[in-house]
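**Q** A single structure is presented below for examination.
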Ligand code: KIV
Ligand code: ZN
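Residue numbers (my numbering): 1 to 505.
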């Protein structure tokens, strides 16, 4: 059964999600997991856009081997040279050149005639081929490009040396049958089409990105561009996990497979949502919390008699850890270590020791400890953000007929202690205002969210913060049974990122 090439663009198009930006360390962490997931190509970034993006692509190219590493470039010399430079240490480098081809883009954005578009595209591909063998070309807004002109462009760039031609539905305008027709038309009318891989890249503005990608595969496309959790520009990109599991579950229909290690899907989804701060909706296919939950009595009864009555995939296929009551107050270090390993974490002795202590503190407050609790502690502890500002103590008063007041004591650096108290509209407002007074950092709070990590009254709360400081966005997170304390820690987690940036200047 022939394989579909999975081109992951979480770190490039996915990172364009509003509020989803990542720093170079976070990008490398995701790239490592994408390599474990076994994607064929990782689009690591768009190097010309910023120094940070350039450095991210360099680092990923240097460290991640055995996977194609792509860098995006407009069809202009400086972009292509910059992408080539960033990919220098990659063992499987790919330059991805793009240029818009639709009439709307030609007329209003580029102000270029058709001939000039072809000339620029060909020049771009030829230049990229001077640096790498593996060149991909994308006619941006391909799905709204005149079919005959698209044929001309694709034929010209293949002649110029493009090994992959990607057909983006840039604005998510297509519907499946029509998009499949675009692919069929190229297969039938581009004379040299057999020399290149046909790729598809769909956006989800009408909620059709996955359906369009699958229709295109059925029509003969052999590479699909997608992102973890479907994150991306506006409504997002086609979701990797949905495409992969559709191909796997319905191989009877599609007759295609992928190299993806599907049992790594859940871990990858969690890492991406944790680092980007973009939560997965509960009812999202494959990786949503409810995707394998059966509520109706009739369904539960059917499941008990025969799983396949209501389940088309097994949760284990995507690496969904069965929720288990793992450990409690009396559990020892050995059992804890074993469970951490079973959950897929490879931690050093010191890390285990530290996390075990946190686990014991949690076990004092919470009777039942689940896998998700352990994972939340690990993610909290593994954060590489320095603790420049640390919460030392905290008191809150609030309630009916009480002015919400927060008293906060912080440790700054090794041994400086500062404290203050102030009032606010509510306890969280008072808390954040007091922290602002103590740090002197001017913060605009963009988003504050809180969600239970597991079920039950004693569940830990996971707090997410998004703030803007000097025009830049920072995110913080923390977990705990005391949600006010977790809120303070999440806020300080973001503040420490700000402080880290300031100290580097
Ligand atoms: O959506 C799009 O057209 C793109 C291209 C740069 C491939 O992301
Ligand atoms: Zn895109």
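Glycine included, each C-beta is placed from N, C-alpha and C at the ideal position.
Using the beta-carbon count (16 or more within 10 Å), is residue 323 buried or exposed?
**A** Interpretation of residue 323 is limited by its pLDDT of 49, a score under 50 that renders its predicted location unreliable; the figure taken from the coordinates is listed afterwards. Exposed is the call here.
**Q** Is there a Cβ of chain C sitting closer than 7 Å to that of residue 363, yes or no?
**A** Looking at the structure shown, chain C is missing, and only one protein chain is on hand.
**Q** Kindly identify the DSSP beta-bridge partner or partners of residue 496.
**A** In the DSSP output, where bridge partners are listed per residue, residue 496 has none listed.
**Q** Among 441, 117 and 369, which one has its Cα closest to the Cα of residue 456?
**A** Minimum Cα distance to residue 456 is reached at 369.
**Q** Would residue 27 and residue 37 qualify as a contact pair, given that the criterion is a beta-carbon distance under 7 Å?
**A** Not a contact, by the Cβ cut-off of 7 Å.
**Q** If I follow the unbroken alpha helix (DSSP H) through residue 134, where does it start and stop?
**A** Run containing residue 134: none in the alpha helix (DSSP H); it sits in the beta strand (DSSP E), 134-140.
**Q** Starting from the C-beta of residue 264, find all residues in its chain whose C-beta is less than 8 Å away, skip the five residues before and the five after it, and write them out in chain order.
**A** Hits under 8 Å: 33, 36, 37, 38 and 319.
**Q** Is residue 239 near ligand 3, with its Cβ less than 6 Å from a heavy atom?
**A** This structure does not include ligand 3; its bound ligands are ligand 1 and ligand 2.
**Q** Classify residue 107 as buried or exposed, calling it buried when 16 or more other Cβ atoms lie within 10 Å of its own Cβ.
**A** That one is exposed.
**Q** Using C-beta distances below 7 Å, list every residue in its chain close to residue 443, excluding the 5 sequence neighbours before and after it, in chain order.
**A** Contacts found: 436, 467 and 469.
**Q** Could you tell me which of 122, 217 and 159 sits nearest to residue 184, measuring between CA atoms?
**A** The shortest Cα separation from residue 184 among 122, 217 and 159 belongs to 217.
**Q** Near residue 425, which residues of its chain fall below 8 Å by C-beta distance, leaving aside the five closest residues on each side in sequence?
**A** For residue 425, where only same-chain residues beyond five positions count, the Cβ hits under 8 Å are 404.
**Q** Roughly how many angstroms lie between the CA atoms of residue 89 and residue 142, to the nearest whole one?
**A** Taking the straight line from one Cα to the other gives about 32 Å.
**Q** In terms of residues, what are the limits of the alpha helix (DSSP H) holding residue 429?
**A** Taken as a continuous stretch (DSSP letters only), the alpha helix (DSSP H) holding residue 429 covers 427-439.
**Q** Just the C-alpha distance for residue 251 and residue 257, rounded to the nearest angstrom, thanks.
**A** Cα to Cα, residue 251 sits roughly 7 Å from residue 257.
**Q** Taking the DSSP output, what are the residues bridged to residue 73?
**A** DSSP output for residue 73 lists 97 as bridge partner(s).
**Q** Use the C-beta contact count for residue 402: other C-beta atoms within 10 angstroms, 16 or more gives buried, fewer gives exposed.
**A** Its Cβ having fewer than 16 others within 10 Å, residue 402 is exposed.
**Q** Three Cβ pairs or more, each shorter than 8 Å: is that satisfied between the stretch 150-161 and the stretch 117-131?
**A** With a cut-off of 8 Å, the stretch 117-131 and the stretch 150-161 count as touching, because enough Cβ pairs lie within range.
**Q** Give a single yes or no on whether residue 8 has its beta carbon closer than 6 Å to a heavy atom of ligand 2.
**A** For ligand 2, not one heavy atom lies less than 6 Å from the Cβ of residue 8.
**Q** Quick check: is any heavy atom of ligand 2 less than 6 Å from the C-beta of residue 133?
**A** Checking the Cβ of residue 133 against ligand 2 gives no.
**Q** Can you give me the Cβ contacts of residue 172 inside the same chain, cut-off strictly under 8 Å, excluding the 5 residues immediately before and after it?
**A** If we look at residue 172 and ignore the five residues flanking it on each side, its Cβ neighbours are 202, 203, 204, 205, 206, 208, 209, 234 and 235.
**Q** Do you know how far the Cα of residue 176 is from the Cα of residue 76?
**A** Each residue's Cα considered, the two are about 32 Å apart.
**Q** Is residue 141 near ligand 2 - that is, is its Cβ less than 6 Å away from at least one heavy atom of it?
**A** No - ligand 2 has no heavy atom lying nearer than 6 Å to the Cβ of residue 141.
**Q** If I follow the unbroken beta strand (DSSP E) through residue 199, where does it start and stop?
**A** Residues 197-202.
**Q** Just mark residue 477 as buried or exposed, buried being the case when its beta carbon has 16 or more other beta carbons within 10 Å.
**A** It is buried - the Cβ of residue 477 has at least 16 other Cβ atoms within 10 Å.
**Q** For residue 180, which residues in the same chain have their Cβ closer than 7 Å to its Cβ, ignoring the five residues on either side in sequence?
**A** Once the five neighbours on either side are set aside, the close Cβ partners of residue 180 are 215, 216, 218 and 219.
**Q** Give me the residue from 272, 248 and 285 with the minimum Cα distance to residue 379.
**A** Nearest C-alpha to residue 379: 272.
**Q** Answer yes or no: the CB of residue 13 versus the heavy atoms of ligand 1, is any distance below 6 Å?
**A** Correct: residue 13 has its Cβ closer than 6 Å to ligand 1.
**Q** Answer with buried or exposed for residue 1, where buried requires no fewer than 16 other C-beta atoms within 10 angstroms of its C-beta.
**A** Exposed, by the Cβ-count rule.
**Q** At 3 residues or longer, what runs of the beta strand (DSSP E) sit wholly inside the stretch 222-249?
**A** DSSP runs (the beta strand (DSSP E)) wholly in the stretch 222-249: 223-226.
**Q** Since residue 69 and residue 87 are thought to touch, with beta carbons under 8 Å apart, how far apart are those beta carbons, to the nearest angstrom?
**A** Right, their Cβ atoms sit about 6 Å apart.
**Q** Would you call residue 495 buried or exposed, if buried means 16 or more other Cβ atoms sit within 10 Å of its Cβ?
**A** Burial call: buried.
**Q** Put residue 409 into one of helix, strand or coil per three-state DSSP.
**A** Reduced to three states, the DSSP call for residue 409 is strand.
**Q** Could you give the DSSP three-state label for residue 307: helix, strand or coil?
**A** Reduced to three states, the DSSP call for residue 307 is helix.
**Q** Once you ignore the five residues that flank residue 25 on each side, which residues in its own chain have a CB closer than 7 Å to its CB?
**A** Contacts found: 384.
**Q** Using DSSP with H/G/I as helix, E/B as strand and the rest coil, what is residue 281?
**A** Note: residue 281 maps to coil in three-state DSSP.
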